[in-house]
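Numbering (my numbering), first residue to last: 46 to 186.
Okay, structure first, notes after.
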């Protein structure tokens, strides 16, 4: 069978399909364009332009969630917190806009308490967090 991850959220600029096994065709009706993915490739549809492109990726980074993991390699902190905010039902406020671009690499357990996740991220010594109920405030050091 075919194994793939499909990612489409209303607040994101792209739709992504990451192929682990089998074959998938992505199609853009706007440009009558299509791409065929082979295992290890990710197709991206840019919502604004309607254009498709593909790239080779480490599929584990996009499918680890199904095994109860959050996996990131050189991810922007803002992208990481978009995922964490959905999972833990949080609001995120950046007290330092530059904190959004801090890079993070890690493999985290989704079942861990959110405060444990924050402690792991704080170990990079580039950000601090303040939590007030369901809101996380992020400050660059």
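Glycine is no exception: its CB is placed at the ideal position from the N, C-alpha and C atoms.
Just so you know, these numbers come straight off a predicted model, no measurement behind them.
Provide the residue(s) that pair with residue i in DSSP beta bridges, ordered along the chain.
| i | result |
| --- | --- |
| residue 81 | 70 |
| residue 180 | 136, 177 |
| residue 52 | 61 |
State the start and end residues of the unbroken beta strand (DSSP E) segment that holds residue i.
| i | result |
| --- | --- |
| residue 98 | 97-101 |
| residue 113 | From DSSP, residue 113 is part of no beta strand (DSSP E); its letter is neither H nor E. |
| residue 89 | 86-91 |
Can you tell which of the options has the C-alpha that lies nearest to the C-alpha of residue i?
| i | options | result |
| --- | --- | --- |
| residue 49 | 173, 73, 66 | 66 |
| residue 126 | 149, 108, 109 | 149 |
Whole-angstrom Cβ separation of residue i and residue j, contact assumed at under 8 angstroms?
| i | j | result |
| --- | --- | --- |
| residue 86 | residue 102 | 7 angstroms |
| residue 61 | residue 88 | 7 angstroms |
| residue 144 | residue 183 | 5 angstroms |
With DSSP as the reference, label residue i as helix, strand or coil.
| i | result |
| --- | --- |
| residue 120 | strand |
| residue 170 | coil |
| residue 75 | coil |
Determine the extent of the alpha helix (DSSP H) in which residue i is found, giving its start and end residues.
| i | result |
| --- | --- |
| residue 108 | 105-108 |
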